[in-house]
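Engineer:
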Amino acid sequence: MTSYGMPYLLEDKTGNLTGSHFVDINDRLRLTLRCTTRGSTHATYIIYNTTAGTEPVVTLNFGSNNSLGTIAFGSGPQVPMSSFLESSPNGSAKSRVFTGSDGHQYRWRWRTTQSEEWTCTNASNNQVASYSLKVPGEPEYDHSSGCVLTIEEAYPHLAAEMLASLTIMRHIVAHNL
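All residue numbers for the sequence shown refer to the working numbering, where the first residue is 2 and numbers rise by one.
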């Protein structure tokens, strides 16, 4: 991959939890979040890395009443979301920790800065990703929500995990879980 000396700025095309395309402004990475099943007992979302093909890289299954369900990476086993993304010791649902495929721990936190809706840090408290909403007063753009998922350049190997964990965190807040 080309090194730009800058983070991946993944423009969230819709800003919706129900599905979107996340496209790096330098076209280095493309992820798609798609709802494939929605019913009264469950909803299934699949994340595709459309940079590399069309195979699913993550499957998110939510339970009835928008409850947390399971997550699976590729064709791997389904794991309870509550085990993958564990609550913080302080008990806040808006701060959770997950272990990435690289074996390191990462923590998502809600509204810890004014400019970011979500911030993800590593065990050393260095920011590795963030999700920002459209700035109030910013003009509307065709085919863009104005929201951005930023992933630091050293972490593209975790991009699908960052989007999956962020989607779960946004779901938790949206449904007051």
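Just so it is clear, CB atoms sit at the ideal spot from N, CA and C, and this is done for glycine as well. Just so we're clear, the structure is a prediction, and the values are computed from it rather than from any experiment.
Which of the three DSSP states is assigned to V80 in this structure?
Structural biologist: Strand, per DSSP.
Engineer: Given a cut-off of 9 Å, decide if T122 and Y107 are closer than it, judged by their beta-carbon atoms.
Structural biologist: The answer is yes: Cβ separation under 9 Å.
Engineer: Under DSSP, the beta strand (DSSP E) around S93 begins and ends at which residues?
Structural biologist: Looking at the DSSP string, S93 is not in any beta strand (DSSP E), and its letter there is neither H nor E.
Engineer: Enumerate in chain order the residues of its own chain whose CB-to-CB distance from V98 is below 6 Å, with the five nearest sequence positions on each side excluded.
Structural biologist: The residues are E87, Q106, R108.
Engineer: Ends of the beta strand (DSSP E) at L10?
Structural biologist: Counting along the chain, the beta strand (DSSP E) containing L10 begins and ends at 9-13.
Engineer: Give the DSSP-derived three-state secondary structure of A53 in the structure shown.
Structural biologist: Looking at A53 - three-state DSSP - the assignment turns out to be coil, as it is neither helix nor strand.
Engineer: Quickly, what does DSSP pair I47 with across the bridge? List them, please.
Structural biologist: DSSP output for I47 lists R35, T60 as bridge partner(s).
Engineer: Assuming T168 is part of the alpha helix (DSSP H), what are its boundary residues?
Structural biologist: Per DSSP, T168 belongs to the alpha helix (DSSP H) from 160-175.
Engineer: Taking the alpha carbon of T71 as the reference point, which residue from S96, A94, H43, E56 has its own alpha carbon closest?
Structural biologist: Cα-wise, what sits closest to T71 is H43.
Engineer: With the cut-off set at 9 Å, would you say I47 and L34 are in Cβ contact?
Structural biologist: Yes, they are a contact pair.
Engineer: Using only CA atoms, which one of S76, F85, K135 lies nearest to Q115?
Structural biologist: Looking at the Cα atoms, K135 is the closest of the given residues.
Engineer: Identify whether S102 lies in helix, strand or coil by the three-state DSSP scheme.
Structural biologist: Note: S102 maps to coil in three-state DSSP.
Engineer: Would you mind working out which of H22, L18, N17 sits nearest L10, comparing C-alpha positions?
Structural biologist: Considering only alpha carbons, the answer is H22.
Engineer: Just confirm the distance between the C-beta atoms of T60 and T45, as a whole number of angstroms; I'd bet it's less than 8 Å.
Structural biologist: Right, their Cβ atoms sit about 7 Å apart.
Engineer: Around the Cβ of I26, are there at least 16 other Cβ atoms within 10 angstroms (buried) or fewer (exposed)?
Structural biologist: Flag for I26 reads exposed.
Engineer: Given a cut-off of 9 Å, decide if S166 and T15 are closer than it, judged by their beta-carbon atoms.
Structural biologist: Not closer than 9 Å, so no.
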